[in-house]
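Participant: Just passing along the structure, written as structure tokens.
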Amino acid sequence: MEVDLHIHTIASDGTFTPEEVILEAKNRGLKAIAITDHDTVDGLLEAKNKAKEIGVEFIQGIEISCNTAEYEVHILGYFLNLEDKKFMNELEELKKARDTRNLKIIEKLKDCGIKANLEEIANMAPGNIISRLHFANYLVKIGVVNSKEEAFDKYLGKRGKAYIPKENFPPERAVKMLSENGAFVSLAHPKLIINNDGIIENMISNLVKLGLNGIEAQYGTFLPSDVKKYKKMAKRHSILITGGSDFHGANREGVNIGDTGLTYSQFRLIKEKNSGGSRL
Ligand code: AMP
Ligand code: MN
Ligand code: MN
Ligand code: MN
Numbered sequence: 022m023e024v025d026l027h028i029h030t031i032a033s034d035g036t037f038t039p040e041e042v043i044l045e046a047k048n049r050g051l052k053a054i055a056i057t058d059h060d061t062v063d064g065l066l067e068a069k070n071k072a073k074e075i076g077v078e079f080i081q082g083i084e085i086s087c088n089t090a091e092y093e094v095h096i097l098g099y100f101l102n103l104e105d106k107k108f109m110n111e112l113e114e115l116k117k118a119r120d121t122r123n124l125k126i127i128e129k130l131k132d133c134g135i136k137a138n139l140e141e142i143a144n145m146a147p148g149n150i151i152s153r154l155h156f157a158n159y160l161v162k163i164g165v166v167n168s169k170e171e172a173f174d175k176y177l178g179k180r181g182k183a184y185i186p187k188e189n190f191p192p193e194r195a196v197k198m199l200s201e202n203g204a205f206v207s208l209a210h211p212k213l214i215i216n217n218d219g220i221i222e223n224m225i226s227n228l229v230k231l232g233l234n235g236i237e238a239q240y241g242t243f244l245p246s247d248v249k250k251y252k253k254m255a256k257r258h259s260i261l262i263t264g265g266s267d268f269h270g271a272n273r274e275g276v277n278i279g280d281t282g283l284t285y286s287q288f289r290l291i292k293e294k295n296s297g298g299s300r301l
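The numbering of the sequence shown is this note's numbering, which starts it at 22 and goes up by one.
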């Protein structure tokens, strides 16, 4: 694909540095990419500088983890304004929620007879964000489980023994904060929220009123029939589609930058919408 709008770096749970992501995108012949780390903008400046140096179009993005009573919902934001103090403060709140949750996971693991050392886990996470993926890598490293999948199944996943839901924002708040920031806002990988069209459609209706501009219809694990369905949904709600690989480097095997995404003409619609949208 020409454009990949969903990429993680070491600033959250990817394994490539922001510079490496830009270089890889250039090598693979991509025209434009966005970095969308979980709940952080820490990698964006480094990427922006490198992109400028070597000539890749770069979009400052983020993927905000949200919860409803029932579902985990990820909200993507593009063309972020990092000068926005209110927005930066809200990200700081999310960081605190993460830190609190991580301490609770350590306690739960202890109840399971596993002594996990948060400092060692932090050392395995090069950036400021410690995600469950880092916990999973750690549990593999100390030999408690044989694979990341087993770590999620037994301990970290929703049905795991050490699962702690994060005190995330509801999706409404993330959409609003991104919209107020002037960003283009998209609902990430709808099928991973729940494979139920009625529920997703309701969610979209509700979020569009608060400023949702798109849904991620093109995603690596989606079947062609899914893509078609989500494109239709976007059309029904007069919003655009976004797409990306959800690249995590070695933390998600078999997924490369540009595997999924948009054509440049699909991306152009997003750019046009954003330059004529709430920012002006
Ligand atoms: P967190 O943001 O701390 O809740 O961690 C979520 C991250 O863990 C996701 O972004 C994925 O990278 C990873 N993850 C979640 N569930 C699984 C799973 N079942 N297998 C492997 N990785 C997972
Ligand atoms: Mn991740
Ligand atoms: Mn996600
Ligand atoms: Mn992601």
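Even glycine gets a Cβ: it sits at the ideal position worked out from N, Cα and C.
1) Taking only heavy atoms of ligand 2 into account, decide whether any of them is closer than 8 Å to the Cβ of HIS210.
2) Taking C-alpha atoms, which residue in GLU237, ASN88, MET109, ALA255 lies nearest to THR61?
3) Just to confirm, are GLU201 and ASN227 a CB contact at a threshold of 9 Å?
4) Since TYR99 is in the beta strand (DSSP E), which residue starts that stretch and which ends it?
5) Take PRO186 and list the residues in its own chain whose beta-carbon comes closer than 8 Å to its own, dropping the five residues that flank it on each side.
6) If I'm right that LEU65 touches ILE56 with Cβ under 8 Å, what's the distance once you round it to whole angstroms?
7) Closest by CA to ALA238, which one among ASP267, LEU231, ASN189?
8) Only counting the same chain, and skipping five residues up and downstream in sequence, which positions put a Cβ closer than 8 Å to that of VAL276?
9) Among ALA195, GLY134, TYR251, whose alpha-carbon lies nearest the alpha-carbon of ILE220?
10) Measure the alpha-carbon distance for ASP25 versus ILE80 and round it to whole angstroms.
11) Buried or exposed for LEU301, please, with buried defined as at least 16 other CB atoms from any protein chain shown within 10 angstroms of its CB.
12) Do ILE215 and GLU91 have their beta-carbon atoms positioned less than 9 Å apart in this structure?
13) My guess is that GLY35 and ASN217 are in contact by the Cβ rule of under 8 Å, so how many angstroms apart are they, rounded?
14) Following a CB-centred definition, is HIS155 positioned closer than 8 Å to any heavy atom of ligand 3?
15) Out of curiosity, what's the CA-to-CA distance linking GLY232 and GLU23?
16) Please determine, among PHE100, GLY235, PHE243, LYS106, the residue with the shortest C-alpha to C-alpha distance to LEU261.
17) Which term fits GLY76, buried or exposed, when burial requires 16 or more other beta carbons within 10 angstroms of its beta carbon?
18) So, using beta-carbon positions, are PHE205 and LEU115 closer together than 9 Å?
19) Helix, strand or coil, according to DSSP, for PHE156 in the structure here?
20) With a threshold of 8 Å, establish whether the CB of GLU104 neighbours any heavy atom of ligand 4.
21) Hey, how far is the Cα of GLU274 from the Cα of HIS29?
22) Where does ILE163 land, buried or exposed, given buried means 16+ other C-beta within 10 angstroms?
23) Just checking, does the region 124-139 make contact with the region 174-182 on the three C-beta pairs under 8 Å criterion?
24) Between GLU78 and LYS71, what straight-line distance do the alpha-carbon atoms span, to the nearest angstrom?
25) Considering only heavy atoms of ligand 2, does any lie closer than 8 Å to the CB of ASN88?
26) Tell me the DSSP secondary structure of ILE28 in three-state form.
27) Per DSSP, what kind of secondary structure is PHE288 in: helix, strand or coil?
Facilitator: Based on what the coordinates show:
1) no
2) The shortest Cα separation from THR61 among GLU237, ASN88, MET109, ALA255 belongs to MET109.
3) no
4) 93-99
5) ASN88, ARG122
6) Cβ atoms of LEU65 and ILE56 come within 8 Å of each other, at about 6 Å.
7) ASP267
8) GLY241, SER266, ASP267, PHE268, HIS269
9) Of the candidates ALA195, GLY134, TYR251, the one whose C-alpha sits nearest the C-alpha of ILE220 is TYR251.
10) Note on geometry: alpha-carbon atoms of ASP25 and ILE80 lie some 10 Å from one another.
11) With a pLDDT of only 38 at LEU301, under 50, the local geometry of the prediction cannot be trusted, and no value is derived from it.
12) yes
13) No, GLY35 and ASN217 are not in contact; Cβ-Cβ is about 29 Å, not under 8 Å.
14) no
15) 26 Å
16) GLY235
17) The C-beta of GLY76 has fewer than 16 other C-beta atoms within 10 Å across all chains shown, which makes the residue exposed.
18) no
19) DSSP places PHE156 in helix when its eight states are reduced to three.
20) No; taking the cut-off as 8 Å, the Cβ of GLU104 has no heavy atom of ligand 4 nearer than that.
21) 13 Å
22) The residue in question, ILE163, is exposed, as its Cβ has fewer than 16 Cβ neighbours within 10 Å.
23) yes
24) 10 Å
25) No, the Cβ of ASN88 stays beyond 8 Å of every heavy atom of ligand 2.
26) strand
27) helix
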